[in-house]
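Position one of the sequence shown corresponds to residue 0 (numbering that gives the first Met the number 0), numbered consecutively onward.
Some notes on the structure that comes next.
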Amino acid sequence: MGAADDGTSVCDPACRVWGLENLYLAGGGVIPTRTACNPTLTSLALAVIGARDLARRLRDTTPPPAAAPGAPEGRAA
0 MGAADDGTSV CDPACRVWGL ENLYLAGGGV IPTRTACNPT LTSLALAVIG
50 ARDLARRLRD TTPPPAAAPG APEGRAA
């Protein structure tokens, strides 16, 4: 994990693989430093960061649902 795609890391701080739009990594392998204790909580926190980033990206790119025929304007069925 790194702040820039400079050849020293595989993914960004949100766990998204450099150069690929839709590939995220999760797990202890993305922790950029050595760990002195059980990394389970850190791994979980990184997975949550990645999931939130993915959810935000999906929300920002998904068009709103179309209204059903006969539904009042501005309302989806």
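Idealized CB from N, CA, C, for every residue including glycine.
For clarity, every value in this text was computed on a predicted model and none was experimentally measured.
{"Item": "Buried/exposed call for V29, threshold 16 Cβ in 10 Å", "Value": "buried"}
{"Item": "Coil, strand or helix - V9 by DSSP", "Value": "coil"}
{"Item": "Alpha-carbon to alpha-carbon, T41 and A35", "Value": "12 Å"}
{"Item": "Cβ-based burial, G26 [other Cβ within 10 Å; buried from 16]", "Value": "exposed"}
{"Item": "Endpoints, the alpha helix (DSSP H) within which L51 is located", "Value": "The question names Leu, but residue 51 in the sequence shown is Arg. Note, R51: alpha helix (DSSP H), T39 to T60."}
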